[in-house]
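Be aware that the sequence shown starts at 0, since it is given in numbering that gives the first Met the number 0, and climbs by one per residue. Where a beta carbon is used, it is the ideal one built from N, C-alpha and C, also for glycine. Note that this is a predicted model, so its numbers are computed, not measured. Comments concern the structure below.
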Amino acid sequence: MKFNLCLSIYLALFGIQVKAQQQTMPSDFVYVKDVIPTISLDIRYFGKHNFTGRPVHGYEKPVAILTKRAALALLHVEKHLNGKGLGLKIFDAYRPQRSVNHFKTWSLATDDTLAKAEFYPGLNKKNLFKLGFIATKSGHSRGSTVDLTMIDLKDHKEIDMGGTFDFFGAVSHHNYTNLTAKQKENRKLLRTTMAKFGFKSYDKEWWHYTLQDEPYQKTYFDFIVK
């Protein structure tokens, strides 16, 4: 009886610790701007300009957070591109699990099609998970995945990639061929530069990259972006 009581207390305390870890940013996560001051941010899920048409749960500030390892690797990418007159713009980095849960709830509300025309005009939103555009467990929640594009440092305008961020369709795939030569060149430059410094691409989204040597391969965090 005494043993069971002690075990219950231990499990309760352990549960509190786990919850606390989920609510607090770990010490080896960083704000990307602190590591790469020159990088541009357009954190779409903080505002309304995203496929849900509304701010997403879990984003309280328009900041980008990554594991320190991923941010340092991204610093090398930024410096390399700066030498070519280009820079990076981040759309999303670390994403809380609660945000992913929000996407799931949103996908089930089939009458909510506020942003359909811009982001998924040819698809039924209930199929977005099945088609691989959204996942119930996202690499973003592990802290070493980032969605980004390139910008011209002269005017800070986005480089033409032949498709827009978070568009759910074939044009977003890396193997999509109906692009101009320049658009193909731009996608290739981003992909090869990211690979050069340790990031792997996702074949269905030209903007999506994950650090190959990510420190948390099976841990999904839920602390708020703030």
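I need the straight-line Cα distance from residue i to residue j, nearest angstrom please.
i                 : j                 : result
serine 127        : valine 55         : The amino acid at residue 127 is misidentified as serine; the sequence shows leucine. When rounded, the distance between both Cα atoms is 17 Å.
tryptophan 206    : aspartate 91      : 10 Å
phenylalanine 118 : phenylalanine 166 : 5 Å
glutamine 20      : phenylalanine 222 : Residue placement at glutamine 20 cannot be trusted, given a pLDDT of 45 that sits under 50; what the coordinates show is reported in the next sentence. Each residue's alpha carbon lies about 8 Å from the other.
alanine 63        : alanine 70        : 10 Å
Going by the CB atoms, is the gap between residue j and residue i shorter than 8 Å?
i              : j             : result
methionine 217 : histidine 172 : A small correction: the amino acid at residue 217 is lysine; methionine does not occupy that position in the sequence shown. Contact: no.
serine 98      : tyrosine 44   : yes
glycine 138    : threonine 66  : no
isoleucine 150 : lysine 88     : yes
Whose CA, out of the options, lies closest to the CA of residue i?
i                 : options                         : result
lysine 124        : Leu40, Tyr215, Ile35 and Trp105 : Trp105
asparagine 49     : Thr135, Asp27 and Asp146        : Asp146
threonine 23      : Gly52, Leu210, Pro95 and Lys47  : Pro95
lysine 156        : Leu80, Ile64, Leu85 and Ala63   : Leu85
lysine 110        : Ile42, Lys47, Leu189 and Thr51  : It should be noted that the sequence gives aspartate, not lysine, for residue 110. Per the Cα distances, Thr51.
phenylalanine 198 : Phe28, Asp27 and Ala72          : Ala72
Using 10 angstroms around the beta-carbon of residue i, count the other beta-carbons present and answer buried if the total reaches 16, otherwise exposed.
i              : result
glutamate 77   : buried
alanine 180    : exposed
asparagine 185 : buried
serine 39      : buried
alanine 116    : exposed
leucine 130    : exposed
leucine 80     : buried
Spatial neighbours of residue i within its chain, please: C-beta separation below 6 Å, excluding the five flanking residues on both sides.
i          : result
valine 170 : Gly162
For residue i, which residues from the same chain have a beta carbon less than 7 Å from its beta carbon, with the 5 sequence-adjacent residues on both sides left out?
i             : result
glutamate 59  : Ile223, Val224 and Lys225
aspartate 159 : Lys181, Gln182 and Asn185
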